[in-house]
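Position 343 (the sequence shown) corresponds to 342 in numbering that gives the first Met the number 0; numbering is contiguous. The C-beta atom is built at its ideal place from N, Cα and C for all residues, glycine as well.
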Amino acid sequence: MKTQCSTNLADSRPGVPRPSFLAYLWLRMVNRTLMRKPYRVRPEAETAHQKMTVVDMHCDALLSNRDLLVWGRRGHVDLPRLRKGNIALQFFSIPTLAPVRAGIPWIPLELDAMTYLLAVERWPKKALGSTFERVMHAADMLRDLEARSEGLFHIIQSVPQLDAFLAAREENPNLTAGLLGVEGLHSLEGRLENLDAFYDAGVRTAGLVHLGGNDLGGSAHGRQQGGLTPFGEVVLRRMEEKRMLVDLAHASPALIDDILDRATRPVFISHTGLKGAHDNERNISDAQAGRIAEKGGVIGIAFFPWAIGPCTVQSIVRSVLYAVNLVGADHVGLGSDWDGMVATPFDASGVALLTDALLRHGLSEEDAAKIMGGNAIRVVRETLPEE
Ligand SMILES: [Zn+2]
Numbered sequence: 000m001k002t003q004c005s006t007n008l009a010d011s012r013p014g015v016p017r018p019s020f021l022a023y024l025w026l027r028m029v030n031r032t033l034m035r036k037p038y039r040v041r042p043e044a045e046t047a048h049q050k051m052t053v054v055d056m057h058c059d060a061l062l063s064n065r066d067l068l069v070w071g072r073r074g075h076v077d078l079p080r081l082r083k084g085n086i087a088l089q090f091f092s093i094p095t096l097a098p099v100r101a102g103i104p105w106i107p108l109e110l111d112a113m114t115y116l117l118a119v120e121r122w123p124k125k126a127l128g129s130t131f132e133r134v135m136h137a138a139d140m141l142r143d144l145e146a147r148s149e150g151l152f153h154i155i156q157s158v159p160q161l162d163a164f165l166a167a168r169e170e171n172p173n174l175t176a177g178l179l180g181v182e183g184l185h186s187l188e189g190r191l192e193n194l195d196a197f198y199d200a201g202v203r204t205a206g207l208v209h210l211g212g213n214d215l216g217g218s219a220h221g222r223q224q225g226g227l228t229p230f231g232e233v234v235l236r237r238m239e240e241k242r243m244l245v246d247l248a249h250a251s252p253a254l255i256d257d258i259l260d261r262a263t264r265p266v267f268i269s270h271t272g273l274k275g276a277h278d279n280e281r282n283i284s285d286a287q288a289g290r291i292a293e294k295g296g297v298i299g300i301a302f303f304p305w306a307i308g309p310c311t312v313q314s315i316v317r318s319v320l321y322a323v324n325l326v327g328a329d330h331v332g333l334g335s336d337w338d339g340m341v342a343t344p345f346d347a348s349g350v351a352l353l354t355d356a357l358l359r360h361g362l363s364e365e366d367a368a369k370i371m372g373g374n375a376i377r378v379v380r381e382t383l384p385e386e
């Protein structure tokens, strides 16, 4: 399949990421896995897992400074590990700001850790000075991966592309697809037309906010905890017109409610936990989970301790089962946050461990298949452009 991109690949092609020892050390320290390999999955669970269309709705592997064509000994996601995990579709998100301050009053508000990370990873100068350019560069990186993959990796931008990919994957299980997303639309830099530029670069999903509030709305981690702003409302409408998938992750409770009040299409929350299973500022309430399900959306359960508690398969399953009991098996999915500066129990090659655990907890193969990816595929198909 060919993707349509308006950007000239030859001009912007980032090529194979150039390793930097500092970035290597930093990312090795933060993107850890706690379980040792080989991962042990019961043969009957492995057989069931291989029949499923598995989807993970959130990773930050584009920041990982590795060549994603090669099986990495650090971090969580690359194409060989996605293949080993039988993951058909991986969402690749682009975060562009990581405030350093996190409650330390003497650190200036605007100090951004990502600028330093991207500098040691040798991103282009223009991307260091602009969050908009960070998105555009990361989108180039994913397109470059597609171009170098010799047909094994496809960026999905429309329903026909998704259907053609899934049909092709029936014949060749080595195929993997990616869906490109943006974490925080402060990267529009206040200009609605930049959403068109993101769309043209292949972006099909975005969360309005990330680790701090911005000119679109309030963050779960911000001081203001505000709702949707007038600019946020304009962007939300434009995202729906363009058939982009709206992500509620990191939004403040007021912003989640405002978006749910206005959304006319299914929305999703890519990587979260539920307050009822593990209470903290970033997780959603039972009522919000219910409203996401009512809209036909899907709740992606994250794999890292902040969202679910102890870094174990059991914690992920506990949150998944809590959500299933609350909203039903049709509205729960996976949103690992692999390579998102978090520790997770296993990397992308080990996701069959979850299928195994869900079946052991008494879920039917049919319900497990929905959670492992069927629900995410449904929402993507209902949301993305039809041509
Ligand atoms: Zn996140």
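Roughly how many whole angstroms lie between the Cα atoms of residue i and residue j?
i      : j      : result
Val350 : Thr46  : 13 Å
Leu116 : Ile93  : 14 Å
Gln313 : Lys124 : 43 Å
Asp10  : Leu144 : For Asp10, the predicted model reports a pLDDT of 41, less than 50, meaning its position is unreliable; a value from the coordinates is still stated below. Cα-Cα distance, rounded: 15 Å.
Arg264 : Arg237 : 12 Å
Leu259 : Leu68  : 38 Å
Phe267 : Tyr321 : 17 Å
Asp329 : Asn374 : 6 Å
Pro16  : Ser363 : 42 Å
Arg39  : Arg80  : 15 Å
Arg82  : Pro229 : 43 Å
Arg121 : Glu365 : 45 Å
Gln49  : Asn85  : 6 Å
Gly339 : Arg190 : 27 Å
Gly231 : Leu353 : 36 Å
Ala163 : Asn171 : 12 Å
Arg261 : Lys369 : 27 Å
Val331 : Thr271 : 11 Å
Ala176 : Glu386 : 17 Å
Ala205 : Lys36  : 34 Å
Gly295 : Val378 : 8 Å
Gly183 : Gly150 : 30 Å
Ala112 : Thr95  : 10 Å
Ile376 : Glu293 : 17 Å
Gln3   : Leu161 : Residue confidence for Gln3 is low, a pLDDT of 42 falling below 50, so the modelled location carries little weight and cannot support an answer.
Among the options, which residue has its Cα nearest to the Cα of residue i?
i      : options                        : result
Ala306 : Ser284, Ile291, Gly295         : Ser284
Leu141 : Leu178, Trp122, Thr114, Leu161 : Leu178
Gly221 : Pro252, Ala368, Arg73          : Pro252
Asp195 : Glu239, Ala166, His48          : Glu239
Trp25  : Arg168, Gly295, Asn64, Pro172  : Asn64
Ala342 : Leu33, Leu21, Tyr23            : Leu33
Gly211 : Ala276, Gly226, Phe197, Asp199 : Gly226
Ala97  : Pro37, His185, Thr204, Ala167  : His185
Gly180 : Gln160, His209, Arg41, Asp66   : His209
Val297 : Val54, Pro13, Phe20, Pro42     : Val54
Is residue i near ligand 1 - that is, is its Cβ less than 7 Å away from at least one heavy atom of it?
i      : result
Glu239 : no
Glu280 : no
His220 : no
Asp403 : Residue 403 lies beyond the range of the chain shown here (0 to 386); nothing can be said about it.
His249 : yes
Gly339 : yes
His270 : yes
Glu169 : no
Glu45  : no
Glu182 : yes
Assuming residue i contacts residue j under a Cβ cut-off of 8 Å, what Cβ separation, rounded to an integer in Å, is found between them?
i      : j      : result
Ala137 : Leu61  : 5 Å
Thr52  : Leu165 : 7 Å
Val134 : Ala22  : That pair is no contact at about 19 Å.
Phe302 : Ile315 : 6 Å
Ser348 : His57  : Actually they are not in contact, since the Cβ atoms of Ser348 and His57 sit about 17 Å apart, beyond 8 Å.
Does residue i have its Cβ less than 8 Å from a Cβ in chain B?
i     : result
Ile93 : The structure shown contains no chain B; it is built from a single protein chain.
Report yes or no: do three or more beta-carbon pairs, one from the segment 154 to 165 and one from the segment 27 to 43, lie closer than 8 Å?
Per the Cβ contact rule, the segment 154 to 165 is not in contact with the segment 27 to 43 (fewer than 3 Cβ pairs under 8 Å).
Three CB pairs or more closer than 8 Å across the segment 126 to 139 and the segment 237 to 256:
no
Specify whether the segment 207 to 216 and the segment 343 to 361 touch according to this definition: at least 3 beta carbon pairs, one from each stretch, less than 8 Å apart.
no
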